[in-house]
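Below is one structure, written out as structure tokens; comments come after it.
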Amino acid sequence: MALVIATPVARIFSTEPVVIERIVWYLQAILLGSALHHVGVHTGSMFNAINRPGVAALFNALRMPTSQISFAWIGLKIGGLGGLFLGLGIAPLVTGPIALVWFELILRDGEHREAANTV
Numbered sequence: 014m015a016l017v018i019a020t021p022v023a024r025i026f027s028t029e030p031v032v033i034e035r036i037v038w039y040l041q042a043i044l045l046g047s048a049l050h051h052v053g054v055h056t057g058s059m060f061n062a063i064n065r066p067g068v069a070a071l072f073n074a075l076r077m078p079t080s081q082i083s084f085a086w087i088g089l090k091i092g093g094l095g096g097l098f099l100g101l102g103i104a105p106l107v108t109g110p111i112a113l114v115w116f117e118l119i120l121r122d123g124e125h126r127e128a129a130n131t132v
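Position one of the sequence shown corresponds to residue 14 (the numbering used here), numbered consecutively onward.
What follows is the structure, given as structure tokens:
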């Protein structure tokens, strides 16, 4: 869908072809990872909900500098402005699944501890 609507949306903000092109790059790249970006954000909230605020803080602290900034910087060095946008779009594709796996591991660890305490 982002491929279809990016150009019409960009034209709302500018009539300059270069500006439209850059807005299209941004929209397409950011929308690439937006769903998994929210997985990462909400997983942080889920860590808090199961009384693991330290894990939530650690995950969020690592997610931004190690993933988003690193991917954006690498993308910028490889592909200029378009690469920067692409790096920002790819970062959540990495951190979203990591967040889900980490959360699952913590849930399983809690279940094992609870089972051990009831025996």
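Heads up, the beta-carbon is just placed ideally off N, CA and C, and yes, glycines get one too.
Expressed to the nearest angstrom, what Euclidean distance is found between the alpha-carbon atoms of residue i and residue j?
i: Q41; j: G95; result: 10 Å
i: I43; j: L101; result: 6 Å
i: N61; j: V31; result: 44 Å
i: E117; j: I82; result: 26 Å
i: S27; j: I33; result: 6 Å
i: H159; j: A70; result: Here the chain comprises residues numbered 14 to 132, so residue 159 is not present and cannot be evaluated.
i: L16; j: L45; result: 10 Å
i: V114; j: N64; result: 17 Å
i: G93; j: L120; result: 41 Å
i: I91; j: L97; result: 9 Å
i: T20; j: A74; result: 34 Å
i: N130; j: G123; result: 11 Å
Assuming residue i and residue j form a contact by the criterion Cβ under 8 Å, report the distance between their Cβ atoms to the nearest whole angstrom.
i: I36; j: A23; result: 4 Å
i: F72; j: A112; result: 6 Å
i: G88; j: L99; result: 5 Å
Kindly indicate which three-state DSSP category residue i falls into: helix, strand or coil?
i: S58; result: helix
i: I119; result: helix
i: I63; result: coil
i: E34; result: helix
i: E29; result: coil
By a C-beta neighbour count over all protein chains shown, 10 Å radius and 16 as the cutoff for buried, is residue i buried or exposed?
i: S58; result: exposed
i: T56; result: buried
i: R76; result: buried
i: S80; result: buried
i: W38; result: buried
- Counting pairs of beta carbons, one from the segment 43-61 and one from the segment 100-113, are three or more of them closer than 8 Å? The segment 43-61 is in contact with the segment 100-113.
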